[in-house]
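Visitor: Got a structure for you, written out below as C-alpha cells; questions coming shortly.
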Amino acid sequence: MPVGYHWHLRRLMAERGLFATTELVPLLAQRGVRLSREQVYRLVTGIPERLSLATLAALCDILGATPGDLVEPYRKPSSARPASRLSARRAAGPVALAPDPAPPEVAAPAPLPRPRRARIAPRP
2 MPVGYHWHLR
12 RLMAERGLFA
22 TTELVPLLAQ
32 RGVRLSREQV
42 YRLVTGIPER
52 LSLATLAALC
62 DILGATPGDL
72 VEPYRKPSSA
82 RPASRLSARR
92 AAGPVALAPD
102 PAPPEVAAPA
112 PLPRPRRARI
122 APRP
C-alpha cells in the first residue's frame, strides 16, 4: 500500500507565534543551517520531497517539537483491484473490446504571440 505524509511545519510555526517564513532564516542560521528566503518559503508552504537531517533537527529545536510532530505518515488507499478479480479475468482469456469512438473535433486555440527581446537604447 502506498505511503504519504502530512507536513505540519506551518501549523507548528503558528502555534509558536512564528507567522512569517522569513523569521525562520536567522533561527536556522544560528543552528548552522544556511537556507535562502526562497528555500525557507518553499519548505514552509510546500511539502518537501527531500530534507536533510540537519535541517530537520534545527526545525525541531526551534519549534520545541519532535520529527513525529512535523511529519505525519499515512497509508494511501490502493487503487489496484483485488488479485482474485484480476486472476479470474486472466483465466477467462482475452475479451474483444469495442473500438473507441472518435473524439469530437475541437478547434485548437489560437497560438499566443511570442514575446520580443528588449532592445536597450543608448543614453542620449
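Following my numbering, the numbering of the sequence shown begins with 2 at its first residue and continues without gaps. A virtual CB, placed ideally from N, CA and C, is assigned to each residue, including glycine. If you're wondering where the values come from, they're calculated on a predicted model, not measured in any experiment.
Would you mind working out which of K77, R124 and H9 sits nearest L64, comparing C-alpha positions?
Guide: The shortest Cα separation from L64 among K77, R124 and H9 belongs to H9.
Visitor: Assuming R128 is part of the alpha helix (DSSP H), what are its boundary residues?
Guide: Any property of residue 128 remains undetermined from this structure, which presents the chain solely from 2 to 125.
Visitor: Identify which residue in E39, P49 and A55 has its Cα closest to the Cα of R32.
Guide: The shortest C-alpha separation from R32 is found at A55.
Visitor: Per the DSSP calculation, R76 is bridged to which residue(s)?
Guide: Looking at the DSSP assignment, R76 forms a beta bridge with V4.
Visitor: Considering only the beta carbon of each residue, do A59 and V34 sit closer than 8 Å?
Guide: The answer is yes: Cβ separation under 8 Å.
Visitor: Does DSSP put E39 in a helix, a strand or coil?
Guide: Reduced to three states, the DSSP call for E39 is helix.
Visitor: Give the secondary structure of G69 by DSSP, where H, G and I count as helix, E and B as strand, and everything else as coil.
Guide: Helix.
Visitor: Look at the alpha carbon of I121 and the alpha carbon of P114, and state the distance between them as a whole number of angstroms.
Guide: So the alpha carbons of these two residues sit roughly 21 Å apart.
Visitor: Rounded to the nearest angstrom, what separates E39 and P116 at their Cα positions?
Guide: Approximately 27 Å, taken between the alpha carbons.
Visitor: Find the nearest neighbour of T22 within the set L44, V4 and L57, judged by alpha-carbon distance.
Guide: Measuring from the Cα of T22, the nearest candidate turns out to be L44.
Visitor: Which word fits V4, buried or exposed, when buried means at least 16 other C-beta atoms lie within 10 angstroms of its C-beta?
Guide: Exposed, by the Cβ-count rule.
Visitor: Among V72, P68, R118 and A111, whose alpha-carbon lies nearest the alpha-carbon of G47?
Guide: Comparing Cα positions, the closest option is V72.
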